[in-house]
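Let me begin by presenting the structure, written as structure tokens, before commenting on it.
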Amino acid sequence: MTKQTERKQQPRKAPKKVGRLLKPQLSYKVEVTDKDGRVIAREEGPSRSYVRQWNELFHVQAAWVYLGGGGTVKDTSGSTCTDARVSSVTFKSNAGIGETNYGLRVGKDSTPVSINDYALGNPIAEGTGIDQLEHQLTYFTGPSVVGSTLSFTMQRSMVNHSGSTISGIQEIGNYMMFSCGMYTRFALGFRDVLGSPFSIPDGGAITVTYTLKVTA
Amino acid sequence: MKRTLWYSVTVRDRHGKVISRERRRSRSMLGNWYRILYGMMITGCCSMVHTSGNSWGTCYLQDNWDFRGDADVDYKSIVIGTGTTAVTIDDYKLDTQIMQGTGSGQMRHLASTPGWPSVVGSDCSFLTSRVFLNNSGGSITVRESGIYCRCKGPTYYGYACIVRDVFGTPQAVPDGGSITIDYTLGITA
């Protein structure tokens, strides 16, 4: 091996990271109301994280990975789809009433967010039984530009008609639809663990709002 | 929030020797990135200006965000230009794009395909790279880059500018040389 070849094979020092901060931002707000609609608890802050499925699904679109193209995405059941493909429903999150396969969700797990999270740790189910919530629409406000910032929001309320207080709500996140081969599947896009657990009184509700924002 | 977009610029002379390099956090994903995202999340439509300047909007569609680039294509994928106008949230195209070709002020656009995402530690990222060759017969100074992707409004297909950056340092590409633009989209938990 010549000295020249040797020099070429040496690992290159990583370039110094310079420049201004990119400013796409994700933030959340959680409000709990009692049966009279009064706000009894509230928390807001920057979102802790998108998880890997967000980037994997974006890649499926950007690289136009088609049927049989080998797109790999783990769904919310823990099964790995090996045929994730471009689709018009990728990222679909506007869930209807009672729909829990996609849209915003809440849960009781407090495990810190990991890039490999594929579902909430302990999601609350739909219903009026013990520890169940009635899921309303996940709806969006359209993008608006103020100054050099564009933002839009997504929001969902979940109502407690279980007959008793549901306590220990400590995680929130968004499930999104995607296409796996000829089937529809669902993936976690982002998840946050709240600073403290929330309790929802019987007849009350929890409302989760995420704001997606980018500043030029 | 730990979502990042990085770009790097590498200029080589006609012998392949690196003569200049710059790496920065991308100045901006543009509003159009989020307009397409919004349309996809609601499986609906949203107003948006295409790179053509037409207000054709964007609707949910399987082609959205496709930014693969075939060789010689200058209307999709990573693109470059000579403009220096500061980035704004509603930019819908590069300031002054360098077009495909070998004429004066033109560069040859090579093919580009986004790489597969990889997870390392708590990061998940993927790289998209494109090489441009200067066979114009003179030096060309590149000052901006961006990403154009496929999109469709209620009626018309088109292309949207979703990323635009103005370089910290203008990059002069000598005749016979090349410039390589890398964009890395990453998220960190």
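Here the protein sequences come in this chain order: A and B. Sequential numbering from 6 applies to the first sequence in this note's numbering. Sequential numbering from -12 applies to the second sequence in this note's numbering. Where is the CB? At the ideal position from N, CA and C, for every residue including glycine.
How would you label residue i, buried or exposed, when you count the other beta carbons within 10 angstroms and need 16 or more for buried?
{"i": "A/G178", "result": "buried"}
{"i": "B/P104", "result": "buried"}
{"i": "B/P101", "result": "buried"}
{"i": "A/L27", "result": "Low confidence applies to A/L27: its pLDDT is 43, below 50, so where it sits in the model is not reliable, and the reading given next is rough at best. Buried, by the Cβ-count rule."}
{"i": "B/P112", "result": "The identity of residue 112 of chain B in the sequence shown is Ser, whereas the question assumes Pro. Classification of B/S112: buried, given that the 10 Å Cβ count is 16 or more."}
{"i": "B/Y170", "result": "buried"}
{"i": "A/S167", "result": "buried"}
{"i": "A/A210", "result": "buried"}
{"i": "A/M187", "result": "exposed"}
{"i": "A/V37", "result": "buried"}
{"i": "B/H37", "result": "buried"}
{"i": "B/A58", "result": "exposed"}
{"i": "B/H196", "result": "Here chain B covers residues -12 to 176 and nothing more, so residue 196 of chain B does not appear."}
{"i": "A/P201", "result": "Checking the displayed sequence, the identity of residue 201 of chain A turns out to be Ser instead of Pro. With fewer than 16 Cβ atoms within 10 Å of its Cβ, A/S201 is classed as exposed."}
{"i": "A/K40", "result": "exposed"}
{"i": "A/T212", "result": "buried"}
{"i": "A/P128", "result": "buried"}
{"i": "B/N121", "result": "buried"}
{"i": "B/T115", "result": "buried"}
{"i": "A/G76", "result": "buried"}
{"i": "A/R53", "result": "buried"}
{"i": "B/I134", "result": "buried"}
{"i": "A/S98", "result": "buried"}
{"i": "B/D162", "result": "exposed"}
{"i": "B/F119", "result": "buried"}
{"i": "B/T83", "result": "exposed"}
{"i": "B/V160", "result": "buried"}
{"i": "A/R43", "result": "exposed"}
{"i": "B/G56", "result": "buried"}
{"i": "A/L72", "result": "exposed"}
{"i": "B/G219", "result": "No information on residue 219 of chain B is available, as it lies outside the stretch -12 to 176 that chain B covers here."}
{"i": "A/A100", "result": "buried"}
Please look up how many angstroms separate the CB atoms of residue i and residue j, rounded, as I've assumed it's under 8 Å.
{"i": "A/V198", "j": "B/W20", "result": "Not confirmed; about 27 Å, so no contact."}
{"i": "B/S132", "j": "B/I65", "result": "6 Å"}
{"i": "A/T133", "j": "A/E139", "result": "7 Å"}
{"i": "A/I171", "j": "A/D136", "result": "6 Å"}
{"i": "B/S123", "j": "B/M86", "result": "Wrong, their Cβ atoms sit about 11 Å apart, outside the cutoff."}
{"i": "A/N165", "j": "A/D207", "result": "6 Å"}
{"i": "A/A221", "j": "B/V74", "result": "5 Å"}
{"i": "B/S91", "j": "B/G125", "result": "7 Å"}
{"i": "A/E48", "j": "A/S32", "result": "Their Cβ separation, rounded to whole angstroms, is 11 Å, which puts A/E48 and A/S32 out of contact at 8 Å."}
{"i": "B/G140", "j": "B/W52", "result": "Rounded, the Cβ-Cβ distance is 15 Å, inconsistent with contact."}
{"i": "B/G70", "j": "B/R12", "result": "That belief does not hold up - the Cβ atoms of B/G70 and B/R12 are roughly 20 Å apart, past 8 Å."}
{"i": "A/R196", "j": "A/V78", "result": "The pair is not a contact, with the Cβ atoms about 15 Å apart (cut-off 8 Å)."}
{"i": "A/L217", "j": "A/S156", "result": "7 Å"}
{"i": "B/V(-2)", "j": "B/I166", "result": "5 Å"}
{"i": "B/I29", "j": "A/T154", "result": "In fact, because the Cβ distance is near 20 Å, the residues do not count as touching under 8 Å."}
{"i": "A/L277", "j": "A/Q58", "result": "Not covered by the structure: residue 277 of chain A. The range shown for chain A is 6 to 221."}
{"i": "B/S109", "j": "B/T45", "result": "Not a contact, Cβ separation roughly 32 Å."}
{"i": "B/F54", "j": "B/C138", "result": "Between B/C138 and B/F54 the Cβ distance is about 10 Å, and since that is not below 8 Å, they are no contact."}
{"i": "A/K113", "j": "A/I45", "result": "About 19 Å; that fails the 8 Å criterion."}
{"i": "B/L81", "j": "B/C148", "result": "7 Å"}
{"i": "A/T81", "j": "A/F191", "result": "5 Å"}
Which residues in chain E have a C-beta closer than 8 Å to the C-beta of residue i? List them in chain order.
{"i": "B/G145", "result": "Judged by its chain identifiers, the structure shown contains no chain E, and its protein chains are A and B."}
*Using a Cβ cut-off of 7 Å, which residues of the segment 27 to 40 of chain B contact any Cβ in chain A, in chain order?*
With the criterion set as a beta carbon lying under 7 Å from some beta carbon of chain A, the members of the segment 27 to 40 of chain B are M27, M28, I29, T30, C33, in sequence order.
*asked:* Residues of the segment 90 to 104 of chain A in Cβ contact with chain B at a cutoff of 7 Å, in chain order, please.
replied: Of all residues in the segment 90 to 104 of chain A, V91, S92, S93, V94, T95, F96, K97, S98, N99 have a Cβ within less than 7 Å of some Cβ in chain B.
*Does the segment 80 to 87 of chain A come close enough to the segment 140 to 157 of chain B that 3 or more CB-CB pairs lie under 8 Å?*
The answer is no - the segment 80 to 87 of chain A does not touch the segment 140 to 157 of chain B, with fewer than three Cβ pairs under 8 Å.
*Start-end ranges of the alpha helix (DSSP H) lying completely within the segment 29 to 108 of chain A, minimum 4 residues*: Correct list: 57 to 67.
*asked:* My parser needs the beta strand (DSSP E) runs of 3 or more residues fully inside the segment -12 to 18 of chain B; what are they?
replied: Entirely contained in the segment -12 to 18 of chain B, the beta strand (DSSP E) runs reaching 3 residues are, in chain order, -10 to -1, 5 to 12.
*If we count Cβ pairs, one from each stretch, closer than 8 Å, do we get three or more for the segment 1 to 12 of chain B versus the segment 54 to 62 of chain A?*
No, they do not touch.
*Can you list the beta strand (DSSP E) stretches of 3 or more residues lying completely in the segment 111 to 139 of chain B, in chain order?*
List check, beta strand (DSSP E) in window: 127 to 139.
*So, do the segment 166 to 186 of chain A and the segment 107 to 124 of chain A have three or more beta carbon pairs nearer to each other than 8 Å?*
Taking 8 Å as the limit for Cβ pairs, the verdict is that the segment 107 to 124 of chain A does touch the segment 166 to 186 of chain A.
_Threshold first: 3 residues or longer. Then list the beta strand (DSSP E) segments lying entirely within the segment 144 to 184 of chain A, N to C._
Taken in chain order, the complete beta strand (DSSP E) segments of 3 or more residues contained in the segment 144 to 184 of chain A are 154 to 164.
*Could you name each continuous beta strand (DSSP E) segment of 3 residues or more that falls completely within the segment 24 to 88 of chain B, going from the start of the chain to the end?*
Qualifying beta strand (DSSP E) stretches, in chain order: 64 to 68.
*the segment 48 to 65 of chain A: which residues have C-beta closer than 8 Å to a C-beta of chain B, in chain order?*
Listed in sequence order: P51, S52, R53, S54, Y55, V56, R57, W59, N60, E61, F63, H64.
*Would the segment 147 to 157 of chain A and the segment 23 to 34 of chain B be scored as touching if the rule is three or more Cβ pairs under 8 Å?*
The answer is yes - the segment 23 to 34 of chain B touches the segment 147 to 157 of chain A, with three or more Cβ pairs under 8 Å.
*Between the segment 110 to 121 of chain B and chain A, which residues of the former have CB atoms less than 9 Å from a CB of the latter, in chain order?*
From the segment 110 to 121 of chain B, only D110, C111, S112, F113, T115 have a Cβ closer than 9 Å to chain A.
*What residues from the segment 52 to 78 of chain B come within 7 Å of chain A, judged by C-beta to C-beta, listed N to C?*
Residues W52, D53, F54, R55, V74, T75, I76, D77.
*Below 9 Å between beta carbons is the criterion; list the residues of the segment 144 to 159 of chain A that meet it against any residue of chain B, in chain order.*
Listed in sequence order: Y144, F145, G147, P148, V150, G152, S153, T154, L155, S156, F157, M159.
*Could you please tell me which residues of the segment 99 to 110 of chain B, in chain order, have their CB closer than 9 Å to any CB of chain A?*
Within the segment 99 to 110 of chain B, the residues whose Cβ lies closer than 9 Å to some Cβ of chain A are T100, P101, G102, W103, P104, V106, G108, S109, D110, listed in chain order.
*asked:* Please list, in chain order, the residues of the segment 113 to 133 of chain A that have any C-beta partner in chain B closer than 8 Å.
replied: The residues in question are V118, S119, I120, N121, D122.
_Ignoring anything shorter than 3 residues, give me the beta strand (DSSP E) runs that lie fully in the segment 144 to 176 of chain B, in order along the chain._
Runs of the beta strand (DSSP E) inside the segment 144 to 176 of chain B: 144 to 160, 165 to 175.
*Please name the residues in the segment 0 to 14 of chain B whose beta-carbon is closer than 9 Å to at least one beta-carbon of chain A, in chain order.*
Those would be R8, E9, R10, R11, R12, S13, R14, in chain order.
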